[in-house]
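A.B. asks: Top line first, the protein sequences correspond to chains W and F. Numbered per the working numbering, the first sequence spans residues 17 to 274. Numbered per the working numbering, the second sequence spans residues 74 to 391. For every residue, glycine included, the Cβ atom is placed at its ideal position computed from N, Cα and C. This structure is a prediction, so every number in the text was calculated from the model and none was measured.
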Amino acid sequence: MPTIRVSANGEAALETRDVRVRYGNNEAIKGITMEIPRKRVVALIGPSGCGKSTLLRCFNRMNDLVPSAAVTGEVLFHGENLYADHVDPVEVRRRIGMVFQKPNPFPKSIYDNVAFGPRLYGRPPDLDDIVERSLRQAALWDEVKDRMNDNALGLSGGQQQRLCIARALAVTPEILLMDEPASALDPIASAKIEELIQQLVEHYTIVIVTHNMQQAARVSHYTAYLYIGELIEYDDTNTIFTAPHEKHTEDYVTGRFG
Amino acid sequence: MSERAIIEVARGAGGGAPVASLRGARSRTAKEAAIGGLLFAAGAVSILTTVGIIAVLVWESLAFFRRVSVAEFLTGTVWTPLFVPQHFGVLPLLMGSVLVSIIAAGIAIPLGLGSAIYLSEFAPERLRRFLKPVLEILAGVPSVVYGYFALTFVTPLLQPLVPGLQLFNALSAGIVVGIMVLPLIASLSEDAMNAVPRGLRQGAYALGATKFEVATRVVTPAALSGIVASFILAISRAIGETMAVVLAAGMTPNLTLDVRESIQTLTAYIVQVSLGDTPFGSIEYQSIFAVGLLLFAVTLGMNVFGRWFLKRYREEYA
Ligand SMILES: Nc1ncnc2c1ncn2[C@@H]1O[C@H](COP(=O)(O)OP(=O)(O)OP(=O)(O)O)[C@@H](O)[C@H]1O
Ligand SMILES: [Mg+2]
């Protein structure tokens, strides 16, 4: 299977080795080995239920929160296995942030939402700056700078999602995991998120799950195609969408099934 | 039965009209009206009862206040309605109730909230499903049992630890009333926390929050309205609690902050007079309505305060 190899020159942000996830007796991820290059956008695509979200949650140990989930294999981050005994999942999640499908701002002020993460690690003296920087990075600053104390739930869906991105950026993660971040948004808000991803990738490594082929083609450098827990093909986005090696991939991206 | 046949039958039920009519069946409309009327009546009974109770309280209190001034009642520090010279200063009773409620709240709020946080955020699902009904059963134990428990167990247990603790004392009463309302707080607060959307928790975990931080910084604030409601309900119950307090704290009107002494609460006084042979229409008889009215005002005040507090501090999720 063609795959992306970057570890030779030390550019992998994440590397998985034979990762398997079972929910009880159901094996949802069946041994996936892949590398996520630094400061690139990697899209995970595949039919519903193929394990995209499950795989994504392995990258920051969010699967720990699912009582029935059992993960085996290795996920290497700076050469260290995230699933090693001594690794603290709380620290992992601080370094590897996540944005969810449904915007989930806290029912607090806009400011408090962004400040939430930094406040977990003490009282940073430059909190105002962190909040402003994060909101600017999330392309939300101009829209909210005069209403920082308003409740975040008063924002539109698209604004809420960018707020969630700002909130994740405020703890300066190295990697941002996004699980269908635009699927609950209208086309304009969705386009804004895509634009934002393209800006963020200058500083962050991004892994995005999407059901939208055009979106994957527009925003990502590399695309991984999953099918029933297996990595079928992983290559340059261009290759995946124009000249995939696997027939299965081709059928999926051309909409012949799924 | 084929789809076609079902349609035929449905038409038949509609009164045999050849084309299905949108007119509702008469009998159903009448039945719904009757059900609506019954439900309204059920609601009306409870509202009318409440109005009636308040009316009686106010009416009898007015008679009392024609003989004892409101100022004397509310500011007087001696309460001796059953001896000569009679004094009707309600402060000793009010203090008794407040003292017991503060002790009870001091026990029930931290322990109840702690249990709720444990159950909702830390306990494994199976343990939670076992403990929740247990809490609800505890909340149903008759209060006289708690009074007995205070008198025969808590006080003897405390006596070596608290020098000067009398047989009847406010401390034991407050402790058992606290234990009594604790399940209420734990259970209602847990309900409120459980209702907080999972997405909020995940959002916090994904930022590197610990379980404890998720519980205290996200779940508790988001569930605050339910939590505060449980506090208010619990304190209202503590103030209104009667049997446990009579048994544990005795019947000595006593304007004191010393929790080792016997006191009398507002409710205990009402019981004392109601069970005695006070003649109908006497000032002692009327005094229990004034005390009852005060009790009602205190509980109402708590609720108003609770609503105000919620309006100010609530973090409402969508
Ligand atoms: N919490 C869970 N408990 C048990 N099984 C689960 C759980 N979450 C996911 N699964 C199962 O794991 C498999 C992969 O699910 P996953 O949510 O990762 O798929 P997905 O590719 O993200 O799908 P979608 O595109 O619909 O979001 C499915 O068979 C699903 O039923
Ligand atoms: Mg998914």
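#1: With a cut-off of 8 Å, does the C-beta of residue 165/W fall near any C-beta of chain F?
#2: Tell me the rounded alpha-carbon separation between residue 318/F and residue 216/F.
#3: Which partner residues of residue 93/W appear in the DSSP bridge assignment?
#4: Grab me the residues of residue 187/W's own chain with a C-beta within less than 6 Å of its C-beta, minus the 5 sequence neighbours each way, in chain order.
#5: Should residue 74/W be listed as close to ligand 1, given that the test is whether its C-beta is under 7 Å from any heavy atom?
#6: Might you give, ordered along the chain, the residues of its own chain that have their beta carbon closer than 8 Å to the beta carbon of residue 241/W, omitting 5 neighbours on each side?
#7: Using a Cβ-Cβ distance under 8 Å, would residue 145/F count as near chain W?
#8: If contact is defined by three or more beta carbon pairs under 8 Å, each pair taking one atom from either stretch, is the segment 36-53 of chain W in contact with the segment 80-89 of chain W?
#9: Got a sec: is the Cβ-Cβ distance from residue 185/W to anything in chain F below 8 Å?
#10: If you compare alpha carbons, which of 245/F, 222/F, 100/F, 266/F is closest to residue 287/F?
#11: Mind checking whether the beta-carbon of residue 220/W lies closer than 7 Å to any heavy atom of ligand 1?
#12: Are residue 253/W and residue 239/W close, meaning C-beta to C-beta below 8 Å?
#13: Closest Cβ-Cβ distance between residue 93/W and chain F: below 8 Å?
#14: Do residue 197/W and residue 168/W come within 8 Å of each other at the CB atom, strictly closer than that value?
#15: Going along chain F, which residues have a C-beta under 9 Å from residue 107/W?
#16: Between which two residues does the beta strand (DSSP E) containing residue 239/W stretch?
#17: Taking Cβ-Cβ distances below 7 Å as the criterion, which residues of the segment 124-144 of chain W are in contact with chain F?
#18: Starting from the beta carbon of residue 291/F, find every residue of chain W whose beta carbon is closer than 7 Å, and list them in chain order.
#19: May I ask you to list the residues that DSSP assigns as paired with residue 294/W?
#20: Just the Cα atoms here: how many angstroms apart are residue 103/W and residue 56/W?
#21: Pull up the DSSP beta-bridge partners for residue 59/W, would you.
#22: For chain W, check one thing: does any of its Cβ atoms lie closer than 8 Å to the Cβ of residue 374/F?
#23: Going by beta-carbon coordinates alone, are residue 164/W and residue 127/W separated by less than 8 Å?
#24: Which residue from 77/W, 161/W, 114/W, 115/W puts its Cα closest to that of residue 100/W?
#25: Could you give the residue range of the beta strand (DSSP E) that holds residue 249/W?
#26: Rounded to the nearest angstrom, how far is the Cβ of residue 163/F from that of residue 367/F, given a contact under 8 Å?
#27: Measure the alpha-carbon distance for residue 279/F versus residue 153/W and round it to whole angstroms.
#28: When burial is assigned at 16 or more other CB atoms within 10 Å of the CB, is residue 193/F buried or exposed?
#29: Strictly by DSSP, which residues pair up with residue 152/F?
#30: Can you give the Cα-Cα distance for residue 377/F and residue 185/W, rounded to whole angstroms?
#31: Examine ligand 2 and report whether any of its heavy atoms sits within less than 7 Å of the Cβ of residue 195/W.
#32: Along the segment 26-57 of chain W, where does the CB come closer than 9 Å to a CB of chain F? Name the residues.
#33: Measuring only from the beta carbon, is residue 279/F closer than 7 Å to any heavy atom that is part of ligand 1?
#34: Starting from residue 356/F, follow the alpha helix (DSSP H) in both directions and report where the run begins and ends.
#35: Can you name the start and end residues of the beta strand (DSSP E) that residue 115/W belongs to?
#36: To test your reading of the DSSP string, which unbroken alpha helix (DSSP H) runs of 4 or more residues are found completely within the segment 258-284 of chain F?
C.D. replies: Quick look at the numbers:
#1: Taking the first sequence and counting its residues from 1, one reaches residue 165/W at position 149. Chain F, which has no Cβ nearer than 8 Å to the Cβ of residue 165/W, makes this no.
#2: The sequence position of residue 318/F within the second sequence is 245, counting from 1. The sequence position of residue 216/F within the second sequence is 143, counting from 1. Each residue's Cα considered, the two are about 9 Å apart.
#3: Along the first sequence, one-based indexing puts residue 93/W at 77. DSSP output for residue 93/W lists 96/W as bridge partner(s).
#4: Looking up residue 187/W in the first sequence gives position 171. The answer, listed in chain order, is 110, 133.
#5: Reading the first sequence from its first residue, position 58 is the one you call residue 74/W. The beta carbon of residue 74/W sits no closer than 7 Å to any heavy atom of ligand 1.
#6: Counted from its first residue, the first sequence places residue 241/W at position 225. Taken in chain order, the residues that qualify are 61, 62, 247, 248, 249, 250, 256, 260, 262, 264, 265, 268, 269.
#7: For the purposes of this step, residue 145/F is identified with residue 72 of the second sequence, where counting begins at 1. So no, residue 145/F is outside the interface.
#8: They touch, by the three-pair rule.
#9: Start at 1 with the first residue of the first sequence, and residue 185/W comes out as number 169. By this cut-off, residue 185/W is not an interface position.
#10: Position 214 of the second sequence, counting from 1, holds the residue named residue 287/F. Of 245/F, 222/F, 100/F, 266/F, the residue nearest in Cα terms is 266/F.
#11: As a working note, residue 220/W is residue 204 in the first sequence. No, Cβ of residue 220/W sits at least 7 Å from all heavy atoms of ligand 1.
#12: Indexing the first sequence from 1 puts residue 253/W at position 237. Indexing the first sequence from 1 puts residue 239/W at position 223. The answer is yes: Cβ separation under 8 Å.
#13: Stepping through the first sequence from its first residue, residue 93/W is reached at position 77. Not one chain F Cβ lies under 8 Å of residue 93/W.
#14: On the first sequence, position 152 is the one that residue 168/W refers to. On the first sequence, position 181 is the one that residue 197/W refers to. No, Cβ-Cβ distance for residue 168/W and residue 197/W is not below 8 Å.
#15: Position 91 of the first sequence holds residue 107/W. Per Cβ cutoff of 9 Å: 281.
#16: For this step, residue 239/W is matched to residue 223 along the first sequence. Annotation: the continuous beta strand (DSSP E) that includes residue 239/W extends over 238-243.
#17: 124, 132, 133, 136
#18: The residue you call residue 291/F lines up with position 218 of the second sequence. Within chain W, the residues near residue 291/F are 122.
#19: With chain W covering only 17 through 274, there is no way to say anything about residue 294/W.
#20: For the purposes of this step, residue 103/W is taken as residue 87 along the first sequence, with counting starting at 1. For the purposes of this step, residue 56/W is taken as residue 40 along the first sequence, with counting starting at 1. If you take the alpha carbons of residue 103/W and residue 56/W, they lie about 25 Å apart.
#21: Locating residue 59/W in the first sequence gives position 43, where the first residue counts as 1. Residue 59/W pairs with 224/W, 239/W.
#22: Taking the second sequence and counting its residues from 1, one reaches residue 374/F at position 301. Output row for residue 374/F: interface = no.
#23: Counting from 1 along the first sequence, the entry for residue 164/W is found at position 148. Counting from 1 along the first sequence, the entry for residue 127/W is found at position 111. The answer is yes: Cβ separation under 8 Å.
#24: Here residue 100/W is taken as the residue at index 84 of the first sequence, counted from 1. Of the candidates 77/W, 161/W, 114/W, 115/W, the one whose C-alpha sits nearest the C-alpha of residue 100/W is 77/W.
#25: Residue mapping note: residue 249/W aligns to position 233 of the first sequence, counting from 1. It spans 246-252 - the beta strand (DSSP E) in which residue 249/W sits, taken as one unbroken run.
#26: For the purposes of this step, residue 163/F is taken as the residue at position 90 of the second sequence. For the purposes of this step, residue 367/F is taken as the residue at position 294 of the second sequence. Right, their Cβ atoms sit about 6 Å apart.
#27: Here the question's residue 279/F lines up with position 206 in the second sequence. Here the question's residue 153/W lines up with position 137 in the first sequence. So the alpha carbons of these two residues sit roughly 19 Å apart.
#28: Translated into positions along the second sequence, residue 193/F becomes position 120. Residue 193/F is buried by the Cβ-count criterion.
#29: By 1-based counting over the second sequence, the position of residue 152/F is 79. Partner(s): 161/F.
#30: As a position in the second sequence, residue 377/F is number 304, starting the count at 1. As a position in the first sequence, residue 185/W is number 169, starting the count at 1. Answer to the nearest angstrom: the Cα atoms are 42 Å apart.
#31: Counting from one through the first sequence, the residue named residue 195/W turns up at place 179. Yes, the beta carbon of residue 195/W sits closer than 7 Å to at least one heavy atom of ligand 2.
#32: none
#33: Counting from one through the second sequence, the residue named residue 279/F turns up at place 206. Not under cutoff, so the answer is no.
#34: Position 283 of the second sequence, counted from the start, is the residue given in the question as residue 356/F. Per DSSP, residue 356/F belongs to the alpha helix (DSSP H) from 356-386.
#35: The residue given as residue 115/W occupies position 99 in the first sequence. Its beta strand (DSSP E) spans residues 112-115.
#36: 271-278
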